[in-house]
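All remarks here apply to the structure that follows.
In the working numbering, the protein residues as written are 2 to 155.
Laid out in C-alpha cells, this is it:
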C-alpha cells in the first residue's frame with residue numbers, strides 16, 4: 002500500500018475511533034474513489050502516491066463545485082458541509098500556489114515561449130506545456146489557464 006493511501010486509512014481509523022463523523026465519511030468516500038480507480042481498466046493495480054494525489058485533488062474539486070451549486074441553490078447547510086469536506090481533503094494535498102507565485106511562474110513561461118517564437122493568443126498551448134509540469138498539483142488548471150490568457154493578452 003502506498004504511503005499516502007495508508008495515511009488516509011490510518012486517519013480514517015482514528016476518525017472512526019474519535020467519532021468524527023465528517024472526517025470519517027470524507028475519508029471513506031475518498032478511499033472508495035481510490036479503490037475504484039485501482040480496479041478500473043483491465044486489471045487491478047496499486048496506485049502510486051502521485052496517482053492517489055490526483056484522486057484526492059479530483060475529490061476536492063468535486064466538493065468545491067458541489068458547495069457552489071448548493072450555495073446558488075439556497076442550501077447553505079449542504080454547501081457548508083461540502084466546504085468542510087473540502088478542507089479535510091486539503092490537508093492531504095500540497096500547498097496551493099499564491100496568486101503572486103503563479104503569476105511569476107507563468108510570466109517566466111510566457112518569456113520562454115516567446116523566445117521559442119510563440120506569439121499572441123496562439124502561444125497558449127506552448128505556455129501551458131511549459132507551466133503545467135511546474136505547477137502540477139499546486140494550482141488548478143482553470144486558474145492557470147486564466148493567468149496565462151491574462152498575461153498573453155497584456
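The C-beta atom is built at its ideal place from N, Cα and C for all residues, glycine as well.
Residue state for residue 98 is assigned as coil, using DSSP reduced to three classes. With at least 16 other beta carbons inside 10 angstroms of its own, residue 87 counts as buried. For the pair of segments examined, the segment 115 to 133 was found not to touch the segment 77 to 86: the number of CB pairs separated by less than 8 Å stays below three. If you draw a straight line from the Cα of residue 99 to the Cα of residue 92, it comes to about 17 Å.
With respect to the 8 Å criterion, residue 32 and residue 9 are classified as neighbours on the basis of their beta carbons. Here residue 83 is actually not in contact with residue 61; their C-beta atoms are around 10 Å apart, not less than 8 Å. If you look at residue 65, you'll find it in the alpha helix (DSSP H) that goes 50 to 73.
Between residue 89 and residue 29, the C-beta gap is not smaller than 8 Å, which leaves the two residues out of contact. Only exposed fits residue 40, as fewer than 16 other CB atoms lie within 10 angstroms of its CB.
Restricting attention to 107, 6, 63, the CA atom closest to the CA of residue 127 is found in 107.
Sequence-distant Cβ neighbours of residue 135 in its own chain, meaning closer than 8 Å and more than five residues away, are 106, 110. Secondary structure remark: continuous alpha helix (DSSP H) runs of at least 4 residues inside the segment 123 to 151, in chain order: 125 to 136. Sequence-distant Cβ neighbours of residue 139 in its own chain, meaning closer than 8 Å and more than five residues away, are 95, 96, 97, 98. Residue 87 carries a helical assignment under DSSP once its states are collapsed to helix, strand and coil.
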